[in-house]
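In the working numbering, the protein residues as written are 112 to 589.
Every residue, glycine too, gets a C-beta built ideally from N, C-alpha and C.
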């Protein structure tokens, strides 16, 4: 008995060490935080002092008909937040082709993995509970552009890959096959439900697959994740109006028993998890690039661009528990204005305060449009006796109350709301607002002359955001 007692204490440190290695928490696991795309962190900062910055570098990519140098990180480019043994880390993609794991305390690099082109989207993390080896248990799924120097006609374009969260080692790569769409990039963030992954790649194919690298199969002469089902999120007739610009860039949202995806052909597709078919489609006609949060009352807020529609872009609230023809709750239009290749509307996503809602405050939504305005509106309260003409330039719908409107300059970025604070990334700066129960807005800090297209995230009072000046920043109160 005495020998067993001694052996127990001799091996106890090793047992504790083994347990400590498993002390891993995934706080922000995908774009806009969770499967509802409505969680942006637990605590916002009080100030925007620079705590540290990390240079992300630059990379060449073919865009808009020529080779362009991209610096830092941009749309959507949100960091993921993880915790290991009480220490916080970030997972960040960048324009220098690299995916990185970064120490959130001091901005030091832990590992990097290189793709074939710039990374525009935000990764997702899947936890394989059946995997015993730690380095293969936590899997990062990340997309990139189609590959600098590659041709769209190439047989293999591996623009979607899986990387070990612990080591940065590649686990698999997926071929984004060619369709009538002009793009073979991957910008969206995968949604994982019950160990099955769902994502519409930019080739406009909604792909349902097994993310487990041990279950790969030979396809197109390379090993790839096992695909359960593929559904075209376009019809050839869509090319009459949209041409080859039918790509899917949004991240899918889980609401009830359906997964909803905003598609480039201007439709919101609802895939039924129980029946395995698309049984809900809402047709807007606009180019839909942004992702949609699920709201506290089980609706979707759709960011609508101006392209391909007669009316104005804006925000559309849909209730998918109703038939599509009866699903519109309200429409908030925004001004038309040409900016770069956009004509107006909202390119980024809509933020809501539902995940960190405080009692006594209204349920709100915040967004920035391509005309240069930042808005904060109510999700449920309407303006009395007022309707606005919708995207089709014909139908009229109720309009929600607007609490705050400010011209901040055109932007494709997405703001975030945490508690009673709103962080607004801009083409010419970064703003931190605070609001009270009466929705009085106060600008409490601001940084100018920094260009941001990416989405920020906050954790434990610090703000992390990538910029187009080349840096990933950590802001907070010194």
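Straight-line measurement puts the Cα of residue 150 at about 10 Å from the Cα of residue 138. For the pair of segments examined, the region 337–345 was found to touch the region 320–328: the number of CB pairs separated by less than 8 Å reaches three.
CA-to-CA, the gap between residue 552 and residue 466 works out to about 20 Å. Secondary structure of residue 245 (DSSP, three-state): helix. The beta carbons of residue 580 and residue 183 sit closer together than 8 Å.
Distance from the CA atom of residue 222 to the CA atom of residue 384, rounded to whole angstroms, is 36 Å. In this structure, residue 446 sits near residue 423, with a CB-CB distance shorter than 8 Å. DSSP places residue 347 within a helical segment (H, G or I) once states are collapsed to three. Between the region 537–551 and the region 160–169 there are fewer than three inter-stretch CB-CB distances shorter than 8 Å, so the stretches are not counted as touching.
The shortest CA-to-CA distance from residue 482 to any of 516, 378, 489, 287 is the one to 516. Separation of residue 333 and residue 365 (C-alpha to C-alpha, rounded to the nearest whole angstrom) is 31 Å. In the pairwise beta carbon analysis, the region 399–414 is classified as touching the region 478–497: at least three pairs are separated by under 8 Å.
For residue 429 and residue 439, the gap between their C-alpha atoms comes out near 5 Å.
Judged by their CB atoms, residue 414 and residue 457 are nearer to each other than the 8 Å cut-off. Beta bridge pairing from DSSP links residue 450 with 453. In chain order, 340 place their CB closer than 8 Å to the CB of residue 387, counting only its own chain and leaving out the 5 sequence neighbours on each side. DSSP, reduced to helix, strand and coil, places residue 474 outside both helices and strands of the structure shown, so it counts as coil. Contact holds between the region 299–306 and the region 360–376, because three or more Cβ pairs, one in each stretch, are under 8 Å apart. In the three-state DSSP reduction, residue 428 falls in the strand class (E or B).
DSSP places residue 441 inside the beta strand (DSSP E), whose first and last residues are 439–444.
Sorting 539, 377, 529, 475 by C-alpha distance to the C-alpha of residue 513 places 475 at the top.
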